[in-house]
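Okay, structure first, notes after.
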Amino acid sequence: MKKSGRWSKRCSAHLSMKKKKRLAKFLAGLLVLILVGLASTYVLYTNLSKPAAGESDAVLFEIRSGDVLRSVAANLQEQGIVRSAIVVEITARLEKLSGLKAGLFVLDKSWSVTEILTTLNDSTKTIVDTVRITFPEGDWARDFARKLSNLTSVEEQDLFDLWNDEAFLREMIEQYEFLSADILNPKTRIRLEGYLFPNTYEFFVSTSARDATIKLLNQTKRIYDKYKTQFEDSELSVHEVFILASIVQFEASKPDDMKKVASVFLNRLKIDMPLQSSVTVCYSLYEYDSWKDCETNSGFESPYNTYKYRGLPVGPIMNPGETAIVAVLEPADTDYYYFMADVYGDGTVYFAKTYAEHSANVEKYLKGR
218 MKKSGRWSKR CSAHLSMKKK KRLAKFLAGL LVLILVGLAS TYVLYTNLSK PAAGESDAVL
278 FEIRSGDVLR SVAANLQEQG IVRSAIVVEI TARLEKLSGL KAGLFVLDKS WSVTEILTTL
338 NDSTKTIVDT VRITFPEGDW ARDFARKLSN LTSVEEQDLF DLWNDEAFLR EMIEQYEFLS
398 ADILNPKTRI RLEGYLFPNT YEFFVSTSAR DATIKLLNQT KRIYDKYKTQ FEDSELSVHE
458 VFILASIVQF EASKPDDMKK VASVFLNRLK IDMPLQSSVT VCYSLYEYDS WKDCETNSGF
518 ESPYNTYKYR GLPVGPIMNP GETAIVAVLE PADTDYYYFM ADVYGDGTVY FAKTYAEHSA
578 NVEKYLKGR
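According to this note's numbering, the stretch in the sequence shown is residues 218 to 586, in order.
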């Protein structure tokens with residue numbers, strides 16, 4: 218009987234140990250699940266907290282009187298200004314940024330959630346009548362239209378329609394000396410492309426497509442008047458200057474390089490040598506997903522493609538700034554016919570007089586990298 222009692226105690230102890238081991242395994246597994254869940258939640262929260270856009274994209278956002286945090290957060294997500302409404306609500310409560318102000322605000326999709334909420338908590342940031350919009354050198358007409366549409370009452374399509382409206386364009390040709398009948402070419406994509414001057418402007422939020430366009434053209438007139446003598450002395454027509462300046466703007470960034478790049482294209486034009494500028498292919502492809510593959514689509518059919526057609530394209534391919542325009546009006550005096558940029562290095566532009574020299578530069582700076 219004593220042996221039986223001891224055996225029973227041993228069995229009981231053994232079973233107890235097995236239960237403890239099972240419990241320990243369960244708790245360990247539960248802990249792992251909790252840690253994995255927390256880590257996943259943290260990663261998800263971090264990703265959803267990132268800005269909605271990698272590059273600056275300013276938009277108007279309105280908070281109406283009576284709007285609460287939840288509805289504001291939902292509107293922010295719906296308009297693509299943030300990635301997650303829930304993250305907005307959590308951040309607002311954690312950082313004590315729930316005191317949202319009613320009004321019209323300029324927000325940027327590249328801002329963090331905290332930056333957006335900080336702005337929406339500041340009544341001094343509300344817009345009353347006007348908004349400032351910056352158009353960098355080299356913006357396409359569609360970039361102008363998008364920014365104007367984002368920040369004013371103007372519709373993007375209304376701008377496109379106006380910029381291609383023949384009656385309006387003929388009226389502008391009469392009004393502005395730098396515009397000519399060349400812009401009426403039906404082969405051009407957007408007929409005022411190239412003439413919308415890059416700068417920072419202040420627009421009424423309630424502006425119209427016409428008023429906004431005239432403001433842009435007035436700035437172009439200021440530049441034209443400033444260099445009118447050079448325009449008159451140029452072997453190119455005014456329209457051709459703007460076309461070539463748009464290519465130079467796309468091809469180069471430094472003022473000295475722009476003057477040399479302009480000289481390359483002018484030298485080619487003088488001997489009827491194709492310009493073969495890959496950036497004209499970029500503009501040809503801008504409605505397609507492959508627009509960045511400029512170097513590999515030289516055969517693409519387009520009146521803008523200077524690989525397929527000699528001379529200048531039918532119109533400007535972007536809106537050049539003052540530096541690019543001056544580079545065409547006052548180009549460097551060179552006998553270069555080729556150039557390439559070290560896109561894998563510091564972006565230095567290398568110029569060449571002959572194709573052999575150019576090939577050597579390509580081999581040295583681009584091949585095998």
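Yeah, the Cβ is synthetic: ideal placement off N, Cα and C, and Gly gets one too. Treat the numbers as computed from the prediction; the structure is a model and nothing was measured.
- Here Leu311 is exposed: its Cβ has fewer than 16 other Cβ atoms, across all protein chains shown, within 10 Å.
- Contact between the region 468–485 and the region 497–504 is absent, with fewer than three C-beta pairs closer than 8 Å.
- When Val498, Pro530, Lys581 and Met535 are compared, the shortest CA-CA separation from Phe517 is found for Val498.
- Checking the DSSP bridge columns, you'll see Val323 partnered with Leu277.
- Across the structure, Ser370 and Ala309 are spaced so that their CA atoms are roughly 29 Å apart.
- Here Lys318 is not near Leu293, since their CB atoms are 8 Å or more apart.
- Beta-bridge partners assigned by DSSP to Ile350: Tyr418.
- According to DSSP, Met535 shares a beta bridge with no other residue.
- Looking at Thr424, Gly411 and Lys581, the one whose alpha-carbon comes closest to that of Val348 is Thr424.
- A Cβ-Cβ distance of about 22 Å is found for the pair Leu529 and Leu434, leaving them out of contact under the 8 Å criterion.
- Spanning the alpha carbons of Val545 and Gly562 requires a straight line of approximately 27 Å.
- The closest CA to that of Phe377, considering only Ile407, Thr523 and Met389, is found on Ile407.
- Boundaries of the alpha helix (DSSP H) harbouring Ala290: Leu286 to Glu295, taken from the DSSP string.
- When beta bridges are read from the DSSP output, Tyr567 appears opposite Met557.
- The DSSP assignment places complete beta strand (DSSP E) segments of no fewer than 3 residues inside the region 416–463 at 417–421, in order along the chain.
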